[in-house]
Structure formats: C-alpha cells, structure tokens
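The structure under discussion appears below in the form of structure tokens.
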Amino acid sequence: MHYDLIVIGSGPGGYFCAIRAAQLGMKVAVVEKERTFGGTCLNIGCIPSKALLHASELYDQAGHLFDRMGIKLGKPRLDLPGMMKFKDAGVDGNVKGVAFLFRKNKIESFEGIGRIAGNGVVEVTSAGKTERLEANAIVIATGSDVARLPGIEIDERRIVSSTGALVLDRVPERLLVIGAGVIGLELGSVWRRLGSEVVVVEFLDRILPGMDNEVCRQFHRLLEKQGMTFRLSSKVAGVAAVDGALQATVAPANGGATQAIGADVVLVAVGRVPYTEGLGLKAAGVNKDNKGRIVVDARFATNVSGIYAIGDVIAGPMLAHKAEEEGIACVERMAGVPGHVNYACIPNVVYTHPELASVGLSEEDARERGIEVRVGTFPFQANGRAKALGEREGQVKLVADAATDRLLGAHIVGARASDMIAELVVAMELGASAEDIARSVHAHPTLPEAVKEAALGVAGRAIHI
Ligand code: FAD
Ligand code: NAI
Numbered sequence: 050m051h052y053d054l055i056v057i058g059s060g061p062g063g064y065f066c067a068i069r070a071a072q073l074g075m076k077v078a079v080v081e082k083e084r085t086f087g088g089t090c091l092n093i094g095c096i097p098s099k100a101l102l103h104a105s106e107l108y109d110q111a112g113h114l115f116d117r118m119g120i121k122l123g124k125p126r127l128d129l130p131g132m133m134k135f136k137d138a139g140v141d142g143n144v145k146g147v148a149f150l151f152r153k154n155k156i157e158s159f160e161g162i163g164r165i166a167g168n169g170v171v172e173v174t175s176a177g178k179t180e181r182l183e184a185n186a187i188v189i190a191t192g193s194d195v196a197r198l199p200g201i202e203i204d205e206r207r208i209v210s211s212t213g214a215l216v217l218d219r220v221p222e223r224l225l226v227i228g229a230g231v232i233g234l235e236l237g238s239v240w241r242r243l244g245s246e247v248v249v250v251e252f253l254d255r256i257l258p259g260m261d262n263e264v265c266r267q268f269h270r271l272l273e274k275q276g277m278t279f280r281l282s283s284k285v286a287g288v289a290a291v292d293g294a295l296q297a298t299v300a301p302a303n304g305g306a307t308q309a310i311g312a313d314v315v316l317v318a319v320g321r322v323p324y325t326e327g328l329g330l331k332a333a334g335v336n337k338d339n340k341g342r343i344v345v346d347a348r349f350a351t352n353v354s355g356i357y358a359i360g361d362v363i364a365g366p367m368l369a370h371k372a373e374e375e376g377i378a379c380v381e382r383m384a385g386v387p388g389h390v391n392y393a394c395i396p397n398v399v400y401t402h403p404e405l406a407s408v409g410l411s412e413e414d415a416r417e418r419g420i421e422v423r424v425g426t427f428p429f430q431a432n433g434r435a436k437a438l439g440e441r442e443g444q445v446k447l448v449a450d451a452a453t454d455r456l457l458g459a460h461i462v463g464a465r466a467s468d469m470i471a472e473l474v475v476a477m478e479l480g481a482s483a484e485d486i487a488r489s490v491h492a493h494p495t496l497p498e499a500v501k502e503a504a505l506g507v508a509g510r511a512i513h514i
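Residues are numbered in the working numbering as their position in the sequence shown, beginning at 1, plus a constant of 49.
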C-alpha cells in the first residue's frame, strides 16, 4: 500500500497533520498503537483533566459559593463514579470525533505499533501480525510519556502519574504531589476540591517555573488560600509503604535534614519525556538530542530525507496547540504552502480556579534580554463584571516595549483567563501596541475590559484605578 504521507501517532500533532494533508490532496495513512485516536491529549491529558476540573469546580462552588448567591441546596454529596462517567463521556465524544474526521477526509488508519523499516517504509505490528506500508513522506508524531523519578515506582494505584490521578476510585485523604508544574496544580486542585488534603513538594523556590514571577506569586497565594500546602526548594528522596499508607521522605533541595510526610496517594508530576520507543529510529539513522527529542529543522525535517517530526517528540513546549500548529505547518511546507509556527506567540494556560494564562515574554524575561519595558496591570476587583460574578481575585498584566509600545507579553490570573488570553495572542500576532488594545472597544460589562484597562495602564491612564 503506497501513500503520499504516513503519520505515526494520532494525538493533536498527528491528527491535525493528517487532516490538513488530506485537505491538500494527499493520500494519507495514520498509524496508532492505542485503540482510540487522539493521543495523550484526548485520552489521558487535556480533555479528561478539564472535565474533572470543571466538575470539581462546580462541586466546590456548590459547597461554598451557591449559598452566597441565594441558592440553597444543602451540602453537596459527591458521586465519584458519576463524575468519572461525566469525564469519560467527554473523552468518548472527542475520540469518536477524530475517527469521524478521519473517515470524512478519507484518511486510512492502522492500529498497531509503527516502526520505520527503511526508506519510506513503515511496518505496523499488531497482535503478532505485521503489515508493510510505503509512503513518500513519514511524519513522526509519537508524543511524550511521563517522566519518572529514580527509586519511586509508579504503580498507577497509590503512586500515580497524571494517568492514574485521572481515574482514582476514591478521594485520597492525603495527596502528596511531587512537582508544582501544570499537572501538579491542576490535578492537585481537582482532588483538593473533592476533599483531599494536598501537599505539593517542588524542587525550585517557586511554582510554575518560567511564568511571570509577580503573577505567579499572586497565583501561589490564591492556591494556598484554597488550602493547598506548598513545600518549595524541596525534593522527595523516596516513598515507602508504612502501615498501609505511604510515607515520603522530603529533603531540602540543597541537602540537609529530611522530614517524613504521610500520604495515601502520591502523584508524580515532574514533567514529561519524548516517546520514541519501538520506532526504530537508530536503525533509520534519525538523530535525537541529549534529551531524547528528535532533532528537526525549520521545516520539521529530520536529518533523514523524507522523515519529519512534530509535537511533544521534538523541542519546545509540550502543549497540544503547539503540536497542532506544527502538524499543519509541516505538511503545508511539504506541499509548497507557506505554513509557519510563531513560537513567540504560544499561549500557556493553567486551568485551575482562578485560571492562569500567559503569552509572550514575562517582565523578567524582557528585562533579561535588555529590553526596556512598560508594564500595565489591572486587578479583577476593579472590573464591573468580575464584581457582579463574585470573581474578584486576580489581575491582568501587560508587558510592552517602552520604546515602541509593542506588546511583548500578557499574563492573566483570574476567572476565564483561558478565554481572555486569545485576544492578546491575536494582538501579538498582528504586532499590536498597548495603545491599539486600549483604543479597541471592549463590550461592557465583560472581564476582557480588564485587558483594555491594563493596556490603558501601560500609558498610566487606566480609568478604574
Ligand atoms: P500525543 O498526544 O502524546 O500523541 C502521540 C500518539 O502517538 C499517542 O496516541 C501514542 O499512542 C501514539 N504512538 C506513540 N508511538 C507510536 C508508535 N510507535 N506507533 C503508533 N502509535 C504510536 N496540553 C495543552 O495544550 N492543554 C492542556 O490542557 C493539556 N493538559 C494536559 C493534561 C495532562 C494530564 C497531560 C499529561 C498533558 C496535557 N497537555 C495539555 C499536553 C498535551 O497532551 C500534549 O502536549 C499533546 O498531547 C502532544 O501531542 P502529540 O500529538 O505530540 O502527542
Ligand atoms: P512541568 O514541567 O510543568 O512541571 C514539573 C515541575 O516539577 C516543575 O516545577 C519542576 O521544577 C518540578 N520538579 C522536577 N523534578 C522534581 C523533583 N525531583 N522534586 C520536586 N519537584 C520537581 O511538568 P508537568 O506538570 O508534569 O506537566 C508535563 C507537561 O504537560 C508540561 O510540559 C505541560 O506543558 C503539559 N501540560 C499542560 C497542561 C496545560 O496546558 N494546561 C496541563 C497539564 C500538562
């Protein structure tokens, strides 16, 4: 069977890539080793985690907020299997949606492990049977896997990765999270809202390394107010089973006296690593870097002619929308269409409550690059809609070039920050200035008026503060 393109992996990188290639007239095959399409994101990542974040947020609000809004329901009761069913329905709808799109675009799919077996050849192995496919081009979109800690074995029951943390069958009394990154904070929030006592141990002296410092400090305080406990500049040296529970040995990051912290479940959330197992990259001669990522050029081409790679398996932020854009740009470039990915404008969102969303440079990044900046901030508590919704926590912070007023970065902590960041992504893509945003009419009363006010703030003329 000969194709124009074979895509290995059907996550957001792979399925976007396959659909765009089909739109461009290519004959496309997708190889996926799991039974459902959609990869990490749809099956065990973005979608199930957001379903649980949404349901647990409503549960939390029903317990604390509804009463203040004049809605009397009594104490909400948790039906965890019911909540898991709600989550699974979201996943099911999404993965079936990808299968539908493949059929609609006449993309052929093969279930099994794909291995590159020569120039333009992919062998697909499933249940002991191997099929041989051929193509002019191969795109590797095999994604990433959980990063592990030496000596701490993940059993997905009591010591879990994000995958196990999405399917716990009861609410742990005490949840110890290793890593204050996106997964630790999102899934830590889910289980805190459902009743767990959550302690987060982070190696660095701050949460969410890489995000704007000032905004993260405020975010950190808000999470603490919700009852999460943080042990910064600390590491977990080991986890042992003691009397039917777990005991983690926590040590200062730079060495020193250790302390024992008890837990019923430990979530290991210390990052993800590129996944290339079984692909036969060595035999194919495809180069990887020292972090195991496939090395590609600006066209997503590897060092071997006809083999490309996109998404989590190459360098850059491990985000679904980054993988999607790369999938599209990769095949567009192959087809002679001018596709590109603007890595300076990739939004980053943490879907807790409040949410944290950012794009572009943090204030400290900009200063480190020697750029003189002007900063505009605006608190949610001065925004009319935020007051009406009872969502007063948070702020919008914009970083603009002092010389040109061009927007360099935007950082929002607050309700619906994930929706609000879109305006700023477009603004940055179009090279907008803070003045451009400040002069654009924003509907009233809306939370994005806080963005407009922060933009006015860059020039020192915000109205409501
Ligand atoms: P993947 O989605 O990992 O897909 C790779 C696919 O390749 C898999 O289906 C795998 O089975 C298949 N595969 C691998 N090897 C082979 C082989 N040899 N043969 C055949 N098939 C193979 N990102 C966001 O942007 N927003 C979020 O809210 C978000 N939430 C997340 C929550 C969690 C808990 C996790 C773990 C991740 C989250 N991410 C989120 C990250 C996001 O899931 C990844 O960045 C994204 O899935 C990467 O897409 P990909 O296509 O590169 O790889
Ligand atoms: P991460 O890289 O976001 O965070 C890992 C954290 O663990 C860091 O703060 C790091 O300093 C800390 N750490 C590392 N080793 C440690 C140790 N030994 N002890 C204590 N702390 C340690 O990784 P995370 O949260 O596992 O997420 C993986 C990837 O998935 C991320 O790259 C993220 O982009 C993606 N993701 C995205 C989401 C989103 O966009 N909302 C949601 C969930 C995941």
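Every residue, glycine too, gets a C-beta built ideally from N, C-alpha and C. This one's a predicted model, so the numbers in the text were calculated from it and none came from an experiment.
(message) I need the residues with a C-beta less than 6 angstroms from some heavy atom of ligand 2; please give them in chain order.
(response) The answer, residue by residue, is Leu-198, Ile-227, Gly-228, Ala-229, Gly-230, Val-231, Ile-232, Gly-233, Glu-235, Val-250, Glu-251, Phe-252, Leu-253, Pro-258, Lys-284, Val-285, Ala-318, Val-319, Gly-320, Arg-321, Pro-366, Met-367, Leu-368, Val-398, Val-399 and Tyr-400.
(message) Tell me whether the region 216-225 and the region 126-145 touch, counting them as touching only if at least three CB pairs, one residue from each stretch, are closer than 8 angstroms.
(response) With the cut-off at 8 angstroms, the region 216-225 and the region 126-145 touch.
(request) Could you spell out the range, first to last residue, of the alpha helix (DSSP H) harbouring Val-475? (result) Working through the sequence shown from its first residue, we reach residue 475 at position 426. 466-478 is the extent of the alpha helix (DSSP H) around Val-475.
(message) Taking contact to mean 3 or more Cβ pairs, one atom from each stretch, closer than 8 angstroms, check whether the region 64-83 and the region 97-114 are in contact.
(response) Here the region 64-83 does not lie against the region 97-114, with fewer than 3 beta-carbon pairs under 8 angstroms apart.
(message) Helix, strand or coil, according to DSSP, for Ala-148 in the structure here?
(response) Residue 148 sits at position 99 when you count from the first residue of the sequence shown. Secondary structure of Ala-148 (DSSP, three-state): helix.
(request) Rank Arg-423, Gly-425, Gly-463 and Leu-479 by C-alpha distance to the C-alpha of Glu-440 and give the top, closest one. (result) Counting from 1 along the sequence shown, the entry for residue 440 is found at position 391. The shortest Cα separation from Glu-440 among Arg-423, Gly-425, Gly-463 and Leu-479 belongs to Gly-463.
(message) Measuring only the C-alpha atoms, how far is Ala-214 from Glu-417?
(response) Translated into positions along the sequence shown, residue 214 becomes position 165. Translated into positions along the sequence shown, residue 417 becomes position 368. In this model, Ala-214 and Glu-417 are separated by some 37 angstroms (Cα to Cα).
(message) For a test of the three-state rule: what should DSSP assign to Gly-112, helix, strand or coil?
(response) Numbered from 1 along the sequence shown, position 63 holds the residue referred to as residue 112. The answer is helix: DSSP assigns Gly-112 an H, G or I state.
(request) Give the C-beta separation of Leu-281 and Leu-253 to the nearest angstrom, bearing in mind that I take them to be a contact with Cβ-Cβ under 8 angstroms. (result) Here the question's residue 281 lines up with position 232 in the sequence shown. Here the question's residue 253 lines up with position 204 in the sequence shown. The pair is a contact, with the Cβ atoms about 7 angstroms apart (cut-off 8 angstroms).
(message) Could you tell me the alpha carbon to alpha carbon distance between Val-322 and Lys-76, rounded to whole angstroms?
(response) Taking the sequence shown and counting its residues from 1, one reaches residue 322 at position 273. Taking the sequence shown and counting its residues from 1, one reaches residue 76 at position 27. If I take the Cα positions, the gap works out to 31 angstroms.
(message) Taking DSSP's pairing of strands, which residues face Asn-352 in a bridge?
(response) The count along the sequence shown starts at 1 and reaches residue 352 at position 303. Asn-352 is not bridged to any residue.
(message) Is it buried or exposed, Phe-149, if we count other Cβ atoms within 10 angstroms and call 16 or more buried?
(response) Position 100 of the sequence shown, counted from the first residue, corresponds to residue 149. Its Cβ having fewer than 16 others within 10 Å, Phe-149 is exposed.
(request) Run the CB neighbour count on Ser-245, radius 10 Å, all protein chains shown included, and call it buried at 16 or more, exposed below. (result) One-based indexing of the sequence shown puts residue 245 at position 196. So Ser-245 counts as buried.
(message) Can you check which of these residues, Tyr-64, Ser-59 and Ala-67, is closest to Glu-81 by C-alpha distance?
(response) Here the question's residue 81 lines up with position 32 in the sequence shown. Of Tyr-64, Ser-59 and Ala-67, the residue nearest in Cα terms is Ser-59.
(request) For the region 176-195 and the region 265-283, state whether three or more C-beta atom pairs, one from each stretch, are separated by less than 8 angstroms. (result) At 8 angstroms Cβ cutoff, the stretches do not touch.
(message) Measuring alpha carbon to alpha carbon, tell me which residue in Val-422, Gly-233, Val-226 and Val-239 is nearest Leu-457.
(response) Taking the first residue of the sequence shown as position 1, residue 457 is located at position 408. Nearest option by C-alpha distance: Val-422.
(request) Could you check how far apart the C-beta atoms of Pro-396 and Ile-470 are, in whole angstroms? I think they sit under 8 angstroms. (result) Within the sequence shown, numbered from 1, the residue matching residue 396 stands at position 347. Within the sequence shown, numbered from 1, the residue matching residue 470 stands at position 421. Sure, about 5 angstroms apart at Cβ, within 8 angstroms.
(request) Assign His-113 to one of two classes, buried (16 or more other C-beta atoms within 10 Å of its C-beta) or exposed (fewer than that). (result) By 1-based counting over the sequence shown, the position of residue 113 is 64. Exposed, since its Cβ has fewer than 16 Cβ neighbours within 10 Å.
(message) Whole angstroms are fine: how far does the CA of Val-380 sit from the CA of Val-250?
(response) The count along the sequence shown starts at 1 and reaches residue 250 at position 201. The count along the sequence shown starts at 1 and reaches residue 380 at position 331. Straight through space, the alpha carbons of Val-380 and Val-250 are spaced by roughly 42 angstroms.
(request) Determine the direct distance from the alpha carbon of Ala-415 to that of Ala-511, and round the result to whole angstroms. (result) Here residue 511 refers to the residue found at position 462 of the sequence shown. Here residue 415 refers to the residue found at position 366 of the sequence shown. About 23 angstroms.
(request) Check Thr-278 in the structure and name its three-state DSSP category. (result) Indexing the sequence shown from 1 puts residue 278 at position 229. Thr-278 falls in the strand class under three-state DSSP.
(message) For Thr-325 and Arg-181, I'd like the C-alpha separation in whole angstroms.
(response) Taking the first residue of the sequence shown as position 1, residue 325 is located at position 276. Taking the first residue of the sequence shown as position 1, residue 181 is located at position 132. Going from the Cα of Thr-325 to the Cα of Arg-181 covers about 19 angstroms.
(request) Given a cut-off of 8 angstroms, decide if Gly-62 and Val-147 are closer than it, judged by their beta-carbon atoms. (result) Taking the sequence shown and counting its residues from 1, one reaches residue 147 at position 98. Taking the sequence shown and counting its residues from 1, one reaches residue 62 at position 13. Against a cut-off of 8 angstroms, the Cβ pair of Gly-62 and Val-147 comes out as no contact.
(request) Taking all protein chains shown into account, decide if Thr-401 is buried (16 or more other Cβ within 10 angstroms of its Cβ) or exposed. (result) Sequence index remark: in the sequence shown, residue 401 carries index 352 (1-based). When all chains shown are included, Thr-401 counts as buried.
(message) Quick check: is any heavy atom of ligand 1 less than 7 angstroms from the C-beta of Ile-162?
(response) Numbered from its first residue, the sequence shown carries residue 162 at position 113. Yes; taking the cut-off as 7 angstroms, the Cβ of Ile-162 has a heavy atom of ligand 1 nearer than that.
(message) I'd like to confirm something about His-370: is its beta-carbon nearer than 7 angstroms to some heavy atom of ligand 1, or not?
(response) On the sequence shown, position 321 is the one that residue 370 refers to. It does: the Cβ of His-370 is within 7 angstroms (strictly closer) of some heavy atom of ligand 1.
(request) Consider the Cβ of Gly-305: report whether some Cβ of chain C lies at a distance smaller than 8 angstroms. (result) Of the protein chains in this structure there is only one, and it is not chain C.
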